[in-house]
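Quick note: to get our numbering, add 21 to the position in the sequence shown (first position is 1).
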Amino acid sequence: MMSIPANLYPGLNDIVDVLEQFPLETSRYLTLLHEIDAKCVHSTPGLNDRIDKFAAVEGFEVDKRGLLGQMNALFEELMPSLEEKMHVSSIMLEALQRLTTRLELAYEVAIRNQEIPTSLRLGVDNHPAMHLHHELMDKIDAKSNGGATGAAGARTSQALRSESRREAMVANKRQIAVPSDLVDDPAFSDFETAKRGTSTGSNGPTDKKRKRRANVNTVAFPDDPIGPNSDSKQRTNEYGELLYCYCNQVAYGEMVGCDGANCELEWFHLPCIHLDHIPKGKWYCDDCKKRKN
22 MMSIPANLYP GLNDIVDVLE QFPLETSRYL TLLHEIDAKC VHSTPGLNDR
72 IDKFAAVEGF EVDKRGLLGQ MNALFEELMP SLEEKMHVSS IMLEALQRLT
122 TRLELAYEVA IRNQEIPTSL RLGVDNHPAM HLHHELMDKI DAKSNGGATG
172 AAGARTSQAL RSESRREAMV ANKRQIAVPS DLVDDPAFSD FETAKRGTST
222 GSNGPTDKKR KRRANVNTVA FPDDPIGPNS DSKQRTNEYG ELLYCYCNQV
272 AYGEMVGCDG ANCELEWFHL PCIHLDHIPK GKWYCDDCKK RKN
């Protein structure tokens, strides 16, 4: 007979136990607090009534002194119950803090043992932000593992995951056209003209065959059409900003330009192409490499 592990998911089992104890502990202490309040069901309304009368009386007459004496007697009667409520509340807080700490430890155990699937814990990972996150995490893992074999294996798995994500994103987002209302908007035209003028003025005339590598703060994006259909293939977001790279995002950080004659994506973020630094000489993206071959 096949043996079944006694505790297959220790982290998740402990999380379930803690979640079951939360309402039990809370209801137990809240019941005690309600029982303490029941002891004061007559004293508290009487005290509130005398406080209202004391505030309504003008001057410091004999009646007001009598009200003060009655209020003092009611306070002395209520004091043990108030102290008991404070004690129960402090015990309840400590119990809930212990359960919270236990829940956090159980969650760490579940994450460490990979008891929760990544797709369920983080959701769909084809978002550009998650794409960059995975690139950075894979790079950190490769450095922490050490060794040539380990680093090469990490880079290989990273390349496979990135390739699949990249193909999906390019297929879904490559053909993004500028909305017609933005094209006809004078403000949009002025924005594009000013942006191109600033880029060209600070970096000189643009040439497709020059070395297209720079930081986003100093980069001069191409001003002239790259191909016969380049105007229709330029991609922008809803704010009219040009989009680049496999991740279909605006320019940021260090970027490298493809030296292909009719490259559609033009500029690429270094993390998206698995580079730590700007390459020397000519560089071609995967699409242009396929066309050349």
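From the three backbone atoms N, C-alpha and C, an ideal C-beta is built for every residue, glycine too.
| Got a sec? Which residues, its chain only, sit under 7 angstroms from Ala-127 by beta carbon, not counting five neighbours each side? | Gly-32, Asp-35, Ile-36, Val-39
| request: Could you tell me if the beta carbon of Gly-274 falls within a distance shorter than 7 angstroms of some heavy atom in the ligand GTP? | output: In terms of ligand content, the structure shown is empty, and the ligand GTP therefore cannot be addressed.
| What separation, rounded to the nearest whole angstrom, lies between the Cα atoms of Glu-105 and Val-62? | 15 angstroms
| field | Rounded C-alpha distance that separates Leu-124 from Leu-143 | value | 19 angstroms
| For the putative contact between Gln-42 and Leu-120, defined by C-beta atoms under 8 angstroms, what is the C-beta separation to the nearest angstrom? | 6 angstroms
| query | Excluding five sequence neighbours on each side, which residues of the same chain lie with their C-beta closer than 7 angstroms to the C-beta of Glu-136? | reply | Tyr-30, Gly-32, Leu-33
| Where does Ala-241 sit, in a helix, a strand or coil, going by DSSP? | Its pLDDT being 40, under 50, Ala-241 is placed unreliably in this model, and the coordinates cannot settle the point.
| request: Please report the Cβ distance between Leu-95 and Ser-48, rounded to the nearest whole angstrom; I am assuming they are in contact, meaning their Cβ atoms lie under 8 angstroms. | output: 30 angstroms between Cβ atoms; not a contact.
| message | Considering only DSSP beta bridges, list what Leu-33 is partnered with. | response | Beta-bridge pairing links Leu-33 to no other residue.
| request: With a threshold of 16 other CB atoms inside 10 Å of the CB of Val-78, please say whether the residue is buried or exposed. | output: exposed
| message | So, with DSSP's three-state summary, where would you put Gln-270? | response | strand
| Relative to the alpha-carbon of Tyr-267, which residue among Met-158, Leu-153, Gly-261 has its alpha-carbon at the smallest distance? | Leu-153
| request: Would you list the residues sitting across from Tyr-265 in a DSSP beta bridge? | output: Gln-270
| task | Go to Asp-308, then tell me how far its alpha helix (DSSP H) extends in each direction, as first and last residue. | result | 307 to 313
| query | Where does Gly-281 land, buried or exposed, given buried means 16+ other C-beta within 10 angstroms? | reply | buried
| request: Starting from the C-beta of Gly-17, find all residues in its chain whose C-beta is less than 7 angstroms away, skip the five residues before and the five after it, and write them out in chain order. | output: As shown, the chain starts at 22 and ends at 314. That puts residue 17 outside it, with no answer to give.
| query | Among the residues of its own chain, which have a CB less than 8 angstroms from the CB of Cys-306, if the five just before and after it don't count? | reply | Cys-279, Gly-281, Cys-284, Leu-286, Phe-289, Ile-294
| query | Do Val-109 and Ile-57 have their C-beta atoms within less than 8 angstroms of each other? | reply | yes
| request: Note the first and the last residue of the continuous alpha helix (DSSP H) segment covering Lys-74. | output: 64 to 77
| said: For a quick check, are the C-beta atoms of Arg-71 and Leu-88 less than 8 angstroms apart? | reply: yes
| request: Could you tell me which of Ser-165, Leu-51, Arg-312 sits nearest to Met-107, measuring between CA atoms? | output: Leu-51
| Within this structure, are the beta carbons of Glu-275 and Leu-291 separated by less than 8 angstroms? | yes
| query | For Pro-44, which of Ile-161, Asn-166, Leu-117 has the nearest alpha-carbon? | reply | Leu-117
| said: Given this structure, state the Cα-to-Cα distance separating Ser-102 from Lys-60, to the nearest angstrom. | reply: 8 angstroms
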